[in-house]
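The block underneath contains the structure these notes are about, expressed in structure tokens.
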Amino acid sequence: KMFDELVVACCATLGVSAFVFYGIRLQGEWVYFWLVYFLTLSNGIVLAYFIAALSPNMDVANALLPTYVVTLLFFAGFLFRFAVMPMYWKWYAYINFLRYAWGALMRNQFV
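Just so we're aligned, residue 1 is where the sequence shown starts under full-length UniProt numbering, counting upward by one.
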């Protein structure tokens, strides 16, 4: 099942990333942009399966997953920077896969 999801994700991300990258004229390498997008989507798929496996029913999973992803967005670096995070929350930023994806996309665009 996971292999099927990754094949579909690979095909979908190729088209979407090419459309976005060239459509808004991003800088850097398209392959790097696609790879970051594909890996982030793959992490999201795995996270969804993990939450679904832990949840007793679909309603709990539908409540837990968005709640967790919103907390990841808070600590990804685009709502507030790592430098201004309280010391006791920095550990959460270190385990946040969205933070690394955001950093990789910014590095590809601006460096």
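Where a beta carbon is used, it is the ideal one built from N, C-alpha and C, also for glycine.
Closest in alpha carbon position to residue 50, among 2, 22, 105, 106, is 2. The beta carbons of residue 6 and residue 34 sit about 14 Å from each other, so the pair does not count as a contact at 8 Å. Every alpha helix (DSSP H) of 4 residues or more that sits fully in the stretch 7–87 is shown, in chain order, as 30–54, 58–74. Separation of residue 18 and residue 53 (C-alpha to C-alpha, rounded to the nearest whole angstrom) is 33 Å. Nearest to residue 102 by C-alpha distance, out of 88, 90, 73, is 73.
Collapsing the DSSP output to three states places residue 90 in a helix.
When DSSP states are grouped into helix, strand and coil, residue 96 belongs to the coil group. A Cβ-Cβ contact shorter than 8 Å links residue 75 with residue 89. Taking a 10 Å sphere around the C-beta of residue 37, we find 16 or more other C-beta atoms and assign the residue as buried.
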